[in-house]
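Numbers in my numbering are just positions in the sequence shown, counted from 1, shifted up by 4. A virtual CB, placed ideally from N, CA and C, is assigned to each residue, including glycine.
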Amino acid sequence: MSHTESNSLKSIFFALGANSAIFIAKLAAALITGSGAMMAEAIHSLADTGNQLLLLVGLKQSRRPPTPDYPLGFGKSIYFWSFIVALIMFSLGGMFSIYEGVHKLQHPEPLASPWLAVGVLLFSITAESVSLWGCLREINKVRGKRSLFAWFRESRQSELLVVFGEDAAALLGLTFALAAIGLTMITDNPMYDAMGSIVIGGLLIIVAVGIGIEVKSLLIGQGVEPALKREMVTALEGEEKVNEVLNLLTFQLGKDVMVAVKARMQNCATANDLVDAINACEVRFKSRFPETMWLFFEPDNEK
Numbered sequence: 005m006s007h008t009e010s011n012s013l014k015s016i017f018f019a020l021g022a023n024s025a026i027f028i029a030k031l032a033a034a035l036i037t038g039s040g041a042m043m044a045e046a047i048h049s050l051a052d053t054g055n056q057l058l059l060l061v062g063l064k065q066s067r068r069p070p071t072p073d074y075p076l077g078f079g080k081s082i083y084f085w086s087f088i089v090a091l092i093m094f095s096l097g098g099m100f101s102i103y104e105g106v107h108k109l110q111h112p113e114p115l116a117s118p119w120l121a122v123g124v125l126l127f128s129i130t131a132e133s134v135s136l137w138g139c140l141r142e143i144n145k146v147r148g149k150r151s152l153f154a155w156f157r158e159s160r161q162s163e164l165l166v167v168f169g170e171d172a173a174a175l176l177g178l179t180f181a182l183a184a185i186g187l188t189m190i191t192d193n194p195m196y197d198a199m200g201s202i203v204i205g206g207l208l209i210i211v212a213v214g215i216g217i218e219v220k221s222l223l224i225g226q227g228v229e230p231a232l233k234r235e236m237v238t239a240l241e242g243e244e245k246v247n248e249v250l251n252l253l254t255f256q257l258g259k260d261v262m263v264a265v266k267a268r269m270q271n272c273a274t275a276n277d278l279v280d281a282i283n284a285c286e287v288r289f290k291s292r293f294p295e296t297m298w299l300f301f302e303p304d305n306e307k
């Protein structure tokens, strides 16, 4: 429903706290053990920590009020910063991890204190699970009966897309890193550790590309989610003075929405009566859909 909102800020702070603690633990373990997979995970967590800070910057900028130069406000700022986050995940996270893995393949080194790495990974899995739980709790407030994949494709909350993508990739990456270090310990072959780093890098690149594709659509200019648009049309068609909704255009601007309505109205005795009917309709519409910042209503006699 339109009045159900998720708290993206809460999800970002969950992720920021988890990634900061995980980065410190992973970096210490990577330096002590010499693990390529662990170093890849440390860089991944550092990138994620920076990404959360960028999302906070984006959310703050998106809440600036409209100005004469930016009459529709700054809501789409969050889409720009979300796209930057996807680029960082692709480059600093994915490409560096692959580079680190290839380097370790060319210059293999035995792991020192591998049990330390295992302990840090288990701690990291726990922390990331808490972060993902917090993110999923907010997603479920707006997901309805849709699958996570359907929500990911249809959501207009880029910051929540990013946090979910990062958390999911982090958990999978940690699992791969744990498996890589485990195989290295069992076989005493550092090749598995290097391969783990390469797999983690590939995973991050895939997730970054997926996030980038979704955010690109928002940057270009998407309307509201399909279910919300249908709900808006239904609400307008239920208005006493509206005979038919001829067209409904929406434009998602961060948390705010611009709506343009073209409707065939019932006959009114005077122009003032028509204006009053439209104004009353607009008040009820904005009350039901509070995310509507701008509403343009055009009456028409089109058949």
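Per-residue burial, residue i [other beta carbons within 10 Å of its own, 16 or more giving buried]
i    : result
L91  : exposed
L35  : exposed
L152 : exposed
M5   : Confidence at M5 is low in this model, with a pLDDT of 41, below 50, so the placement of that residue should be treated as unreliable; the coordinate-derived value is given next. M5 comes out exposed.
L257 : buried
W137 : exposed
S81  : buried
D280 : exposed
Y83  : buried
T188 : buried
V146 : buried
I143 : buried
E170 : buried
I217 : exposed
W119 : exposed
L20  : buried
A154 : exposed
A121 : buried
L253 : exposed
S12  : buried
F300 : exposed
Contacting residues, own chain, Cβ-Cβ under 7 Å from residue i (five flanking each side not counted)
i    : result
T296 : V261, V263, F289, K290
L278 : M269, C272, P303
K30  : M42, E45, A46, S49, V124, S128
D197 : S39, G40, A41, K108, L115, A184, I185, T188
F27  : A46, S49, L50, T53
T8   : Unreliable placement is indicated for T8, whose pLDDT of 47 sits below 50; the coordinate value is still reported in the next sentence. K145, V146.
V246 : L240, A267, M269, C285
Q65  : F78, S81
Close beta carbons around residue i, own chain, < 8 Å, minus the five adjacent residues each side
i    : result
V134 : F18, A22
D192 : P114
I16  : Q56, L59, L60, L63, E163, V167
Nonlocal neighbours in the same chain, by C-beta distance under 6 Å from residue i, ignoring five residues either side
i    : result
P294 : none
A44  : S101, E104, S201, I204
F180 : G200, V203, I204
I209 : F94, G98
V211 : G169, A173
N251 : K266
L2   : Limits of the chain in this structure are 5 at one end and 307 at the other, which puts residue 2 out of reach.
Alpha helix (DSSP H) segment containing residue i, residue limits
i   : result
L76 : Where L76 is concerned, there is no enclosing alpha helix (DSSP H), given that its DSSP letter is neither H nor E.
A19 : 12-37
First through last residue of the beta strand (DSSP E) which encompasses residue i
i    : result
E45  : No beta strand (DSSP E) contains E45, which is instead part of the alpha helix (DSSP H) from 40-66.
E302 : 296-304
N283 : Per DSSP, N283 belongs to no beta strand (DSSP E); it is in the alpha helix (DSSP H), 275-292.
K259 : Premise fails: K259 is in no beta strand (DSSP E) and is neither H nor E.
Closer than 7 Å: residue i CB and nearest the ligand MN heavy atom
i    : result
I224 : Among the ligands in the structure shown, none appear at all, so the ligand MN cannot be discussed.
Taking 8 Å as the cut-off, does the region 51-59 touch the region 107-114 (at least 3 CB pairs, one atom from each stretch)? Between the region 107-114 and the region 51-59, the count of Cβ pairs shorter than 8 Å is below three; the stretches do not touch.
Specify whether the region 150-168 and the region 227-237 touch according to this definition: at least 3 beta carbon pairs, one from each stretch, less than 8 Å apart. By the C-beta criterion, the region 150-168 is judged to be in contact with the region 227-237, since at least 3 inter-stretch pairs fall below 8 Å.
Which runs of the alpha helix (DSSP H) fall wholly inside the region 173-244 and span at least 4 residues, in chain order? If we require 4 residues or more, the alpha helix (DSSP H) runs fully inside the region 173-244 come out as 195-224, 230-241.
Unbroken alpha helix (DSSP H) runs of length 4 or more, entirely within the region 125-166: which are they? Listed in chain order, the complete alpha helix (DSSP H) runs (minimum 4 residues) inside the region 125-166 are 152-158.
Is it the case that the region 116-136 contacts the region 233-242, given that we only count it when at least three CB pairs across the two stretches are under 8 Å? With a cut-off of 8 Å, the region 116-136 and the region 233-242 do not count as touching, because too few Cβ pairs lie within range.
Enumerated in chain order, which unbroken segments of the alpha helix (DSSP H) with a length of 4 residues or greater are wholly contained in the region 88-132? Those alpha helix (DSSP H) runs which fall completely within the region 88-132 and span 4+ residues are 100-110.
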